[in-house]
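Numbering (the numbering used here), first residue to last: 1 to 436.
Beta carbons: idealized from backbone N, C-alpha and C, even for Gly.
Worksheet: one structure, shown below.
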């Protein structure tokens with residue numbers, strides 16, 4: 001055994017292996033969460049957008065993404081180098097901290113995967129699947145990878161120079177995906193019938209199952225970011241549970257007060273909002289702070305999801321209202337609730353730290369949000385000009401399941417009865433050609 005291999009801690013390695021599997025499970029969980037929220041005619045398309053992200057991001061990450069995000073800095077804190085392109089030089093004996101480098105790279109890969117998949121919720125029901133296949137790898141390299149380097153990479157400017165804190169991904173995951181979702185839905189325009197037709201979730205049990213899988217996977221997301229089986233992981237684990245609970249309760253309280261009915265969709269959305277907000281702060285705040293962060297996200301995000309109707313942007317599945325807004329809340333509140341027992345020295349406003357840390361968090365939020373929105377808007381416009389980003393109107397009207405994938409999730413939902421029928425006969429009957 002080499003000296004490097006001896007430095008890998010078996011307990012830390014075992015925990016990170018489990019955490020990596022948990023985070024990967026979040027993407028299928030997200031697929032179910034989103035799939036239940038759309039109408040019956042686009043369920044499979046929604047599932048496919050998440051599942052294909054696993055394959056696309058993995059290829060890009062192994063080819064260059066990991067090296068650019070976590071390789072040695074080559075541009076003043078902006079991007080890493082290509083020394084590890086194709087995972088060069090990273091054998092089984094290579095160690096990152098107390099875990100194998102290959103495992104660390106895989107763990108970070110699962111973050112990149114779910115981040116790209118999150119964006120799909122903003123453009124549900126109307127984006128070309130072929131354009132999505134191009135968008136995901138380009139966006140991963142141009143948006144996610146640089147921001148990940150800024151926040152977590154060696155020499156990244158947000159951590160090393162600005163001093164903003166982000167334990168598990170409020171900036172590169174939540175804010176970047178939310179701002180990017182806003183940009184894409186503006187490029188695409190609203191769905192047919194937006195603000196006119198009822199676009200209710202078709203399967204709320206599926207939504208609840210997806211939310212449950214997300215919550216389960218989130219323990220790997222947050223506690224795994226401690227990169228070890230230790231007290232910090234335990235604290236992040238408990239904070240994650242607590243914030244998800246208060247997020248759920250906060251959302252339901254608003255629904256009951258505003259609408260007179262606490263809903264299952266509200267419970268699922270509130271839990272996710274709390275989990276989003278605690279993601280950046282779970283390693284910085286006490287349990288009391290985690291409860292406050294989750295509650296703030298549940299209450300604020302329950303109102304934020306309605307902004308799209310007032311401002312006329314069609315964020316189909318509330319990526320902006322939950323992930324962008326929740327990510328901003330959780331990242332900023334580090335500057336309020338951070339405690340030195342978690343951070344090792346940094347205090348938030350309520351613990352004698354003044355406004356300095358809150359200011360650093362605000363700068364990081366503004367820069368990452370602006371960068372992600374601007375670059376994504378440019379990518380969307382370029383794709384729209386070259387290959388077209390939006391599905392044809394007749395495809396959108398019929399449903400992307402049938403026109404893109406030549407399948408339907410529920411035959412009885414299309415035909416009105418349960419008689420088996422082939423996808424090709426459905427296409428022929430409706431006289432719609434599959435989208436290329």
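- Message: For residue 222, report the span of its alpha helix (DSSP H) as first-last.
- Response: Position 222 of the chain shown holds residue 222. Note, residue 222: alpha helix (DSSP H), 204 to 223.
- Message: By alpha-carbon positions, which one of 147, 268, 208 and 134 ends up nearest to residue 79?
- Response: Reading the chain shown from its first residue, position 79 is the one you call residue 79. Comparing Cα positions, the closest option is 147.
- Could you say which of 388, 344 and 236 lies nearest to residue 225 if we only look at CA atoms? Looking up residue 225 in the chain shown gives position 225. The residue with the shortest Cα to Cα distance from residue 225 is 236.
- Message: Buried or exposed for residue 312, going by 16 or more other Cβ atoms inside 10 Å?
- Response: Residue numbering aside, residue 312 sits at position 312 when the chain shown is read from its first letter. Result: exposed.
- Query: How many Å lie between residue 149 and residue 7 at the Cα?
  - Reply: As a first step, residue 149 must be located in the chain shown, where it is residue number 149. As a first step, residue 7 must be located in the chain shown, where it is residue number 7. Note on geometry: alpha-carbon atoms of residue 149 and residue 7 lie some 25 Å from one another.
- Provide the residue(s) that pair with residue 95 in DSSP beta bridges, ordered along the chain. To locate residue 95, count along the chain shown from 1; it is residue 95. Note: residue 95 sits in a beta bridge opposite 100.
- Query: The alpha helix (DSSP H) spanning residue 366 covers which residue range?
  - Reply: Along the chain shown, one-based indexing puts residue 366 at 366. Unbroken alpha helix (DSSP H) run through residue 366: 356 to 386.
- Task: Spatial neighbours of residue 375 within its chain, please: CB distance less than 6 Å, with the 5 preceding and 5 following residues excluded, ordered by chain position.
- Result: Taking the first residue of the chain shown as 1, we reach residue 375 at position 375. Correct list, in chain order: 142 and 143.
- Item | Distance, residue 99 Cα to residue 343 Cα | Residue mapping note: residue 343 aligns to position 343 of the chain shown, counting from 1. Residue mapping note: residue 99 aligns to position 99 of the chain shown, counting from 1. Taking the straight line from one Cα to the other gives about 21 Å.
- Message: Along the chain, where does the alpha helix (DSSP H) containing residue 255 start, and where does it finish?
- Response: In the chain shown, counting from the first residue as 1, residue 255 sits at position 255. Boundaries of the alpha helix (DSSP H) harbouring residue 255: 231 to 259, taken from the DSSP string.
- Message: Just verifying my parser: in three-state terms, what is the DSSP assignment at residue 390?
- Response: Position 390 of the chain shown holds residue 390. In the three-state reduction of the DSSP assignment, residue 390 falls in the strand class.
- Message: Can you list, in chain order, the residues of its chain with a C-beta nearer than 7 Å to that of residue 298? Leave out the 5 residues immediately preceding and following it.
- Response: Counted from its first residue, the chain shown places residue 298 at position 298. Correct list, in chain order: 246, 247, 248, 249, 250, 251, 270, 273 and 274.
- Opposite residue 127 in the DSSP bridges: which residues? Here residue 127 is taken as the residue at index 127 of the chain shown, counted from 1. 390, per the DSSP bridge assignment.
- Item | Simplified DSSP assignment, three categories, for residue 338 | Here residue 338 corresponds to residue number 338 of the chain shown, with the count starting at 1. Here residue 338 sits in strand by DSSP.
- Message: Which same chain residues end up closer than 7 Å to residue 244 when comparing Cβ atoms and leaving out the 5 residues on each side of it in sequence?
- Response: Within the chain shown, numbered from 1, the residue matching residue 244 stands at position 244. Spatial neighbours of residue 244 in its own chain (CB-CB distance under 7 Å, excluding positions within 5 residues in sequence) are listed in chain order as 215, 271, 274, 275 and 294.
- Message: Does the segment 281 to 289 come into contact with the segment 84 to 101, if we say contact requires no fewer than three beta-carbon pairs (one atom in each stretch) closer than 8 Å?
- Response: The segment 281 to 289 is not in contact with the segment 84 to 101.
- Looking at the structure shown, is residue 23 part of a helix, part of a strand, or coil, going by DSSP? Looking up residue 23 in the chain shown gives position 23. If DSSP states are grouped into helix, strand and coil, residue 23 belongs with the helices.
- Task: Give the DSSP-derived three-state secondary structure of residue 305 in the structure shown.
- Result: Within the chain shown, the letter at position 305 stands for residue 305. The answer is coil: DSSP assigns residue 305 none of H, G, I, E or B.
- Message: Using C-beta distances below 8 Å, list every residue in its chain close to residue 59, excluding the 5 sequence neighbours before and after it, in chain order.
- Response: Here residue 59 is taken as the residue at index 59 of the chain shown, counted from 1. Excluding residues up to 5 positions away in sequence, 137 lie with their Cβ nearer than 8 Å to the Cβ of residue 59 in the same chain.
- Message: I'd like the list of long-range same chain contacts for residue 305, defined as Cβ closer than 6 Å, with 5 residues on each side in sequence excluded.
- Response: For the purposes of this step, residue 305 is taken as the residue at position 305 of the chain shown. Once the five neighbours on either side are set aside, the close Cβ partners of residue 305 are 318 and 321.
- Message: Check this for me: beta carbons of residue 338 and residue 348, under 8 Å apart or not?
- Response: Against the chain shown, residue 338 aligns to sequence position 338. Against the chain shown, residue 348 aligns to sequence position 348. Yes.
- Task: Enumerate in chain order the residues of its own chain whose CB-to-CB distance from residue 373 is below 8 Å, with the five nearest sequence positions on each side excluded.
- Result: The residue labelled residue 373 in the question sits at position 373 within the chain shown. Excluding residues within five positions, the ones whose Cβ falls inside 8 Å are 179, 180, 182 and 183.
- Query: Taking the C-alpha atoms as reference points, what is the distance between residue 422 and residue 377?
  - Reply: As a position in the chain shown, residue 422 is number 422, starting the count at 1. As a position in the chain shown, residue 377 is number 377, starting the count at 1. Model confidence at residue 422 stands at a pLDDT of 42, short of 50, so the residue's coordinates are unreliable; what they give is reported in the following sentence. One C-alpha to the other measures close to 39 Å.
- Message: For a quick check, are the C-beta atoms of residue 37 and residue 201 less than 8 Å apart?
- Response: In the chain shown, the residue the question calls residue 37 occupies position 37. In the chain shown, the residue the question calls residue 201 occupies position 201. If you check the CB distance, residue 37 and residue 201 come in under 8 Å.
- Task: Since I believe residue 50 is in contact with residue 27 (beta carbons under 8 Å), could you give me their beta-carbon distance rounded to a whole number of angstroms?
- Result: By one-based count along the chain shown, residue 27 stands at place 27. By one-based count along the chain shown, residue 50 stands at place 50. That pair is a contact at about 5 Å.
- Among 25, 43, 12 and 17, nearest to residue 440 - alpha-carbon criterion: Here the chain comprises residues numbered 1 to 436, so residue 440 is not present and cannot be evaluated.
- Does DSSP classify residue 328 as helix, strand or coil? Numbered from 1 along the chain shown, position 328 holds the residue referred to as residue 328. In this structure, residue 328 counts as helix in the three-state DSSP scheme.
- Message: In the DSSP assignment, the alpha helix (DSSP H) including residue 280 goes from what residue to what residue?
- Response: Here residue 280 corresponds to residue number 280 of the chain shown, with the count starting at 1. Counting along the chain, the alpha helix (DSSP H) containing residue 280 begins and ends at 264 to 281.
- Kindly indicate which residue of 34, 53, 15 and 22 has the alpha-carbon position closest to the one of residue 316. As a working mapping, residue 316 is identified with position 316 in the chain shown. Among 34, 53, 15 and 22, the Cα nearest to that of residue 316 belongs to 34.
- Report yes or no: do the segment 207 to 221 and the segment 387 to 406 share at least 3 C-beta pairs separated by less than 8 Å? These segments do not touch.
- Identify the residues that DSSP records as bridge partners of residue 121: which are they? Sequence index remark: in the chain shown, residue 121 carries index 121 (1-based). For residue 121, no pairing in a beta bridge is given by DSSP.
- Message: Rounded to the nearest angstrom, what separates residue 22 and residue 127 at their Cα positions?
- Response: As a first step, residue 22 is located in the chain shown; it is residue number 22 there, counting from the start. As a first step, residue 127 is located in the chain shown; it is residue number 127 there, counting from the start. When only Cα atoms are considered, residue 22 and residue 127 end up about 29 Å apart.
- Using the C-alpha atoms, what's the distance from residue 109 back to residue 172? The count along the chain shown starts at 1 and reaches residue 172 at position 172. The count along the chain shown starts at 1 and reaches residue 109 at position 109. Roughly 13 Å between the two C-alpha positions.
- Message: Using only the alpha-carbon positions, how far apart do residue 10 and residue 212 sit?
- Response: Taking the chain shown and counting its residues from 1, one reaches residue 10 at position 10. Taking the chain shown and counting its residues from 1, one reaches residue 212 at position 212. Within the model, the alpha-carbon separation for residue 10 versus residue 212 is close to 29 Å.
- Query: Where does residue 258 land, buried or exposed, given buried means 16+ other C-beta within 10 angstroms?
  - Reply: For the purposes of this step, residue 258 is identified with residue 258 of the chain shown, where counting begins at 1. Under this definition residue 258 is an exposed residue.
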